[in-house]
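Visitor:
Numbering (my numbering), first residue to last: 36 to 267.
Pasting the structure below:
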């Protein structure tokens, strides 16, 4: 059996007096989509940032595909070598770059051969249906279009794991439902491992193979799709 794509063992993290994560252990299988829910401040975003390598744990270990990437107070593998795509809650688009330049920047940073960049950018922009917006800047885009740019930037480097921090929270319900369904289709087509953080249980209904509930820095329940459907 292949190792879990993401594995956390007894992970803790504090910010001053605040215990953000308290002994969290979790395994996410290859090609599995999990959705993490819970109230604000329960540790959801911290969980993503630790997996991505943007924070280091105070205790415990984080493994990816059988390789230890983080140990207490130490990152053993930098973020750009973890095979991660990250969609931030505020999207974090760069105002001075066009849509195409956002994706090119990722490929340049990854030292992708120059001849391969334009075809890859075209492929991903087509995949998320924004090829016609390639020369636009973020301020020229609607909220939904900006979401697609952020997703395209996360996908262009061909990540093994996709992390999403409430990416649809600012959208109206109708557009949110459309993008949620498209994301589910994309994840299955690309066979991505996904960790998706949200307050919206409808996201979990569509996207989750397993639903992880967190409170006060701890995982308090894990439910798989079959269990949720049976209860419904």
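Even for Gly, the Cβ is constructed at its ideal location relative to N, Cα and C.
Name the two residues that bound the continuous beta strand (DSSP E) containing residue 61.
Guide: Where residue 61 is concerned, the enclosing beta strand (DSSP E) stretches over 53-63.
Visitor: Can you tell me where the alpha helix (DSSP H) with residue 219 in it begins and where it stops?
Guide: 208-225
Visitor: Within its chain, find whatever has a CB closer than 7 Å to the CB of residue 158; leave out the 5 residues flanking it on each side and keep chain order.
Guide: none
Visitor: From the DSSP output, read off the bridge partner residues of residue 106.
Guide: According to DSSP, which records beta bridges pairwise, residue 106 is partnered with 109.
Visitor: Where does residue 123 sit, in a helix, a strand or coil, going by DSSP?
Guide: coil
Visitor: Would residue 60 and residue 85 be called neighbours here (beta carbons separated by less than 9 Å)?
Guide: No, the Cβ-Cβ distance between residue 60 and residue 85 is not below 9 Å.
Visitor: So, residue 186 versus residue 122, is the Cβ gap smaller than 9 Å?
Guide: The answer is yes: Cβ separation under 9 Å.
Visitor: Go through its chain and collect everything with a Cβ distance to residue 250's Cβ below 8 Å, but skip five positions before and after it.
Guide: 73, 74 and 77
Visitor: Where does residue 49 fall in DSSP's three states?
Guide: In the three-state scheme derived from DSSP, where H, G and I count as helix and E and B as strand, residue 49 is classed as strand.
Visitor: Alpha carbon to alpha carbon, how far is residue 202 from residue 218? Give it in angstroms, no decimals.
Guide: 11 Å
Visitor: Determine, using beta-carbon pairs with one atom in the region 39-47 and one in the region 89-106, whether at least three such pairs fall under 8 Å.
Guide: yes
Visitor: Please say whether residue 198 and residue 254 have beta carbons closer to each other than 9 Å?
Guide: no
Visitor: Figure out for me which residue from 51, 53, 210 and 62 has the closest Cα to the Cα of residue 246.
Guide: 62
Visitor: So residue 144 is in the alpha helix (DSSP H); what residue range does that whole segment cover?
Guide: 134-144
Visitor: One question on the structure: do residue 183 and residue 137 come within less than 9 Å of each other, judged by their Cβ atoms?
Guide: no
Visitor: Does the distance from the CB of residue 196 to the CB of residue 225 come in under 9 Å?
Guide: no
Visitor: Residue 230: which of 110, 132 and 81 sits nearest, CA to CA?
Guide: 81
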